[in-house]
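Enquirer:
In our numbering, the protein residues as written are 3 to 828.
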């Protein structure tokens, strides 16, 4: 594959990521179900809110029949918290993190605080979520459990907020839609006469309400109002008759709390969510109103439900109960949905995993992923999630979004797995005990590092491209028994499945409670990993110790450490702790200040600013300057999400900074080096804004991406210009296999990603050097400032008259690929 990486990334930005027709597909499963609503017309359908979107499940066919997620439509739908069904149409309302979505006639419209008249709860606690309930006339109540009042949405418009003295927890209307009832937390029950707009407040003092702590309401087909609270259940008939129902929990003999209510209209039985997060943990309860019998199902080993906390529960139209346990480490499987038959007290798990992702235990978070090419021409995705490495193999030339059943490997049963590296089609997986080298037939060779009381966090290989001989240098980080950060280096032979003893680094003058952060250039052609050790005020007056790990075994495994200080010699404040490194710190670049004076500089990234640490010639003190962004001009500094550092031809760098603001997520691209002077301009070139295609959801995070040329086994001529892109996000893996590279405009700076380096022998050298494994047509030698030193006109050349130092050899191969390699003159 031959392309300029910056051009490729710029091309990616104009792709409509969330449109299924553009070939993007999501690979994950729901971690959490927050709402289950039976359809009010079709008795065999359930509408389900999950943390990866909305889905509709048919209980008769046992299949997911509709869904909305990141790739199924535009705008994308992320974490759905609540669902409401319009009684006058087929519209479905969903509440999101900072807005609502209306699903109507196959189209989705999203309304956020920032771009609509939605306002209720905007300035309250962001850990609470919007809720919604339709009125009988098709208007929508929107409320939030910590907001005083509610807001109506009608015919595409938001009405002004109605401010109340209480915080609504639930809202229902009677059958005629003439009255609305509000659960008012500790303010009792509130009734609104919609004709006169008069309010009536029912409390334990002026009515038969058993408690002023009201949590939930429900109205059945006979207009009987059910009122749930901290001390049981009340009913209120349309004629004003009250009834009280209480049952005592089996442990404290305190009346059951009623957090949510669902009724089987055929029998009159109730299923009650008698559990709530951070309150009482008493699972689900079936209530027979005729006998006031409360049958409780909780985690006691005597029933098939056997959970203490449920997020959602409802009767389906078939008389069965559908319940979703809360996400917790006690649950054997996250994202679980259970079908419960009350008559037989039997359970069965419901499969809502329509994306065919592997079963997740305790966590749906993908720690790391990688992709390898198989000899059959397929691509295999490998990703870690708690106790297993999961792999899914696809043919990129025919992939249509249907993922195969994943293979789950447990290299070390009972031990969590973390980083996934790839070298020569081996997956290298980290656990607390060491590494597992897994070939493409899933044969596993294990090496234990024998570090006592070690909790692994991350392992990085020194280069993203394949090693020539299976020898790789790595750095790995973890906690010790006191949760101090420990960092080690080692060298591994992946073919032998063995590593040298790990040697600890970053121990001198470092506060071990502070993190050590890594940066690996994801361009596939970098040959270094950079690590930074953060200092604190309790340490000596230094901010960071940095080191570089080289891939080439002929290079020194680690370069010398250096220290960075601010102007007064004191460490930077904690809030400016670095998140990442933008450029190799071993070879600082040159920057020009506003007066055109050169300074050597090291560039870092914080979460709100780019940090440029520079010093004048002859000075030992670094001066810190910051570059912040406000692309939407709202007066708020934009958040910096991540950065990329692309080595295009071994000489120049392209800087990518991804930022987030109220308008969305943007990528700022800059060519930081002047092509003549090889200098970085502090401000002037950081000015190209391209909007990423993530209009929704606003909380998406991209933690890693890989771009691979599709293997061309058997049909290489057809696939040479096709690539696969994989993104790791907080919503799971996103995959696109049909990026057409032939549509990109290539330039003279193009790099062959599959042929990015060559061997120089000997290296280091003090005289003659030869190209060992490539047919070179032209080559040149440059210093690290980009100055041309000499032309190379044969397969061997002399550096006898060149000064000691590190140089770049840039060459063109017989097939036209532009490649480069470092050369050390000693």
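No residue lacks a Cβ here, since even glycine has one placed at the ideal position from N, Cα and C.
#1: Using a Cβ-Cβ cut-off of 6 Å (strictly less than) and excluding sequence neighbours within five positions of residue 491, which residues of its own chain qualify?
#2: Tell me the rounded alpha-carbon separation between residue 104 and residue 494.
#3: Using the Cα positions of residue 246 and residue 486, report the straight-line distance between them to the nearest angstrom.
#4: Could you give the DSSP three-state label for residue 503: helix, strand or coil?
#5: What residue range is occupied by the uninterrupted beta strand (DSSP E) comprising residue 514?
#6: With H, G and I counted as helix, E and B as strand and the rest as coil, what does DSSP make of residue 117?
#7: Who pairs with residue 133 in a beta bridge, going by DSSP?
#8: Taking its Cβ as the centre, do 16 or more other Cβ atoms sit within 10 Å of residue 799, making it buried, or is it exposed?
#9: Grab me the residues of residue 407's own chain with a C-beta within less than 6 Å of its C-beta, minus the 5 sequence neighbours each way, in chain order.
#10: For residue 273 and residue 336, what's the separation of their Cα atoms in angstroms?
#11: Between residue 317 and residue 40, which are expected to be in contact by the criterion C-beta below 8 Å, what is the C-beta distance as a whole number of angstroms?
#12: Would the stretch 121 to 128 and the stretch 73 to 93 be scored as touching if the rule is three or more Cβ pairs under 8 Å?
#13: Look up residue 329 in the DSSP assignment and say whether it is helix, strand or coil.
#14: Please classify residue 109 as buried or exposed, where buried requires at least 16 neighbouring CB atoms within 10 angstroms.
#15: Using beta-carbon positions only, say whether residue 277 and residue 285 come within less than 7 Å of one another.
#16: Short check: CB of residue 480 to CB of residue 496, under 7 Å?
#17: Counting pairs of Cβ atoms below 8 Å between the stretch 302 to 317 and the stretch 28 to 42, do you hit three or more?
#18: What did DSSP end up calling residue 706 once you bin it into helix, strand or coil?
#19: Under a Cβ-count criterion, where at least 16 other Cβ atoms within 10 Å of its own Cβ denotes burial, should residue 153 be classed as buried or exposed?
#20: Go through its chain and collect everything with a Cβ distance to residue 483's Cβ below 7 Å, but skip five positions before and after it.
#21: For the pair the stretch 410 to 418 and the stretch 395 to 402, tell me if three or more CB-CB distances fall below 8 Å.
#22: Using the rule of at least 16 other Cβ atoms within 10 Å of the residue's Cβ for burial, across every protein chain shown, is residue 327 buried or exposed?
#23: Between 261, 95, 238, 100, which has its C-alpha nearest residue 106's C-alpha?
#24: Within 10 angstroms of the Cβ of residue 731, are there 16 or more other Cβ atoms? Answer buried if so, exposed if not.
#25: What do you reckon, are the CB atoms on residue 423 and residue 463 nearer than 7 Å?
#26: Residue range of the beta strand (DSSP E) that residue 392 falls in?
#27: Residues bridged to residue 845 by DSSP?
#28: Can you tell me whether residue 827 is buried or exposed? The criterion is at least 16 other CB atoms within 10 Å of its CB, across all chains shown.
#29: Starting from residue 349, trace the beta strand (DSSP E) both ways and give me its first and last residue.
#30: How is residue 438 classed by DSSP in three states: helix, strand or coil?
#31: Under the assumption that residue 426 contacts residue 469 (Cβ atoms under 8 Å), give the Cβ distance between them as a whole number of angstroms.
#32: Counting only the same chain and skipping the five closest in sequence on each side, list residues whose C-beta sits under 8 Å from that of residue 305.
#33: Would DSSP call residue 632 helix, strand or coil?
#34: Please classify residue 401 as buried or exposed, where buried requires at least 16 other C-beta atoms within 10 Å of its C-beta.
#35: Tell me, please, whether the CB atom of residue 827 is closer than 7 Å to any CB atom in chain B?
#36: If you measure between the beta carbons of residue 190 and residue 165, is that distance less than 7 Å?
Expert: In short:
#1: Here residue 491 corresponds to residue number 489 of the chain shown, with the count starting at 1. Taken in chain order, the residues that qualify are 477, 505, 507.
#2: By 1-based counting over the chain shown, the position of residue 104 is 102. By 1-based counting over the chain shown, the position of residue 494 is 492. Rounded to whole angstroms, residue 104 and residue 494 show a C-alpha spacing of 54 Å.
#3: The residue labelled residue 246 in the question sits at position 244 within the chain shown. The residue labelled residue 486 in the question sits at position 484 within the chain shown. Rounded to whole angstroms, residue 246 to residue 486 spans 56 Å at the Cα level.
#4: Indexing the chain shown from 1 puts residue 503 at position 501. Of the three classes helix, strand and coil, the one that applies to residue 503 here is coil, per DSSP.
#5: Here the question's residue 514 lines up with position 512 in the chain shown. Premise fails: residue 514 is in no beta strand (DSSP E) and is neither H nor E.
#6: By one-based count along the chain shown, residue 117 stands at place 115. Helix, per DSSP.
#7: For this step, residue 133 is matched to residue 131 along the chain shown. Residue 133 is bridged to 145.
#8: To locate residue 799, count along the chain shown from 1; it is residue 797. It is buried - the Cβ of residue 799 has at least 16 other Cβ atoms within 10 Å.
#9: Counting from 1 along the chain shown, the entry for residue 407 is found at position 405. Within the same chain, residue 407 has no close Cβ partners at all.
#10: Start at 1 with the first residue of the chain shown, and residue 273 comes out as number 271. Start at 1 with the first residue of the chain shown, and residue 336 comes out as number 334. Spanning the two alpha carbons is a distance of roughly 22 Å.
#11: To locate residue 317, count along the chain shown from 1; it is residue 315. To locate residue 40, count along the chain shown from 1; it is residue 38. The Cβ separation is near 7 Å, so the contact holds.
#12: no
#13: Taking the first residue of the chain shown as position 1, residue 329 is located at position 327. Reduced to three states, the DSSP call for residue 329 is coil.
#14: Taking the first residue of the chain shown as 1, we reach residue 109 at position 107. Looking at its Cβ environment, which holds fewer than 16 other Cβ atoms inside 10 Å, residue 109 is exposed.
#15: Residue numbering aside, residue 277 sits at position 275 when the chain shown is read from its first letter. Residue numbering aside, residue 285 sits at position 283 when the chain shown is read from its first letter. A contact, by the Cβ cut-off of 7 Å.
#16: Numbered from 1 along the chain shown, position 478 holds the residue referred to as residue 480. Numbered from 1 along the chain shown, position 494 holds the residue referred to as residue 496. No, they are not a contact pair.
#17: yes
#18: Locating residue 706 in the chain shown gives position 704, where the first residue counts as 1. If DSSP states are grouped into helix, strand and coil, residue 706 belongs with the strands.
#19: Numbered from 1 along the chain shown, position 151 holds the residue referred to as residue 153. Flag for residue 153 reads buried.
#20: Sequence index remark: in the chain shown, residue 483 carries index 481 (1-based). Result list for residue 483: 455, in chain order.
#21: no
#22: Residue 327 sits at position 325 when you count from the first residue of the chain shown. The residue is buried, with at least 16 neighbouring Cβ atoms inside 10 Å.
#23: Residue mapping note: residue 106 aligns to position 104 of the chain shown, counting from 1. For residue 106, the nearest C-alpha among the options comes from 95.
#24: Counted from its first residue, the chain shown places residue 731 at position 729. So residue 731 ends up on the buried side.
#25: Along the chain shown, one-based indexing puts residue 423 at 421. Along the chain shown, one-based indexing puts residue 463 at 461. In contact: residue 423 and residue 463 (Cβ atoms closer than 7 Å).
#26: Counting from 1 along the chain shown, the entry for residue 392 is found at position 390. That run of the beta strand (DSSP E) goes 390 to 396.
#27: The displayed coordinates of the chain run from 3 to 828. Any statement about residue 845 would go beyond what the structure contains.
#28: Here residue 827 corresponds to residue number 825 of the chain shown, with the count starting at 1. Residue 827 comes out buried.
#29: Looking up residue 349 in the chain shown gives position 347. First-last of the beta strand (DSSP E) with residue 349: 348 to 351.
#30: Counted from its first residue, the chain shown places residue 438 at position 436. Of the three classes helix, strand and coil, the one that applies to residue 438 here is strand, per DSSP.
#31: To locate residue 426, count along the chain shown from 1; it is residue 424. To locate residue 469, count along the chain shown from 1; it is residue 467. About 7 Å; that satisfies the 8 Å criterion.
#32: Within the chain shown, residue 305 is the residue found at index 303, counting from 1. Closer than 8 Å at the Cβ level, and outside the excluded window around residue 305, lie 299, 347.
#33: Taking the first residue of the chain shown as position 1, residue 632 is located at position 630. It is coil, neither helix nor strand.
#34: Taking the first residue of the chain shown as position 1, residue 401 is located at position 399. With a 10 Å radius around the Cβ and a threshold of 16 neighbouring Cβ atoms, residue 401 comes out buried.
#35: The chain labelled as chain B is not found in the depicted structure, where only one protein chain is given.
#36: Within the chain shown, residue 190 is the residue found at index 188, counting from 1. Within the chain shown, residue 165 is the residue found at index 163, counting from 1. No, they are not a contact pair.
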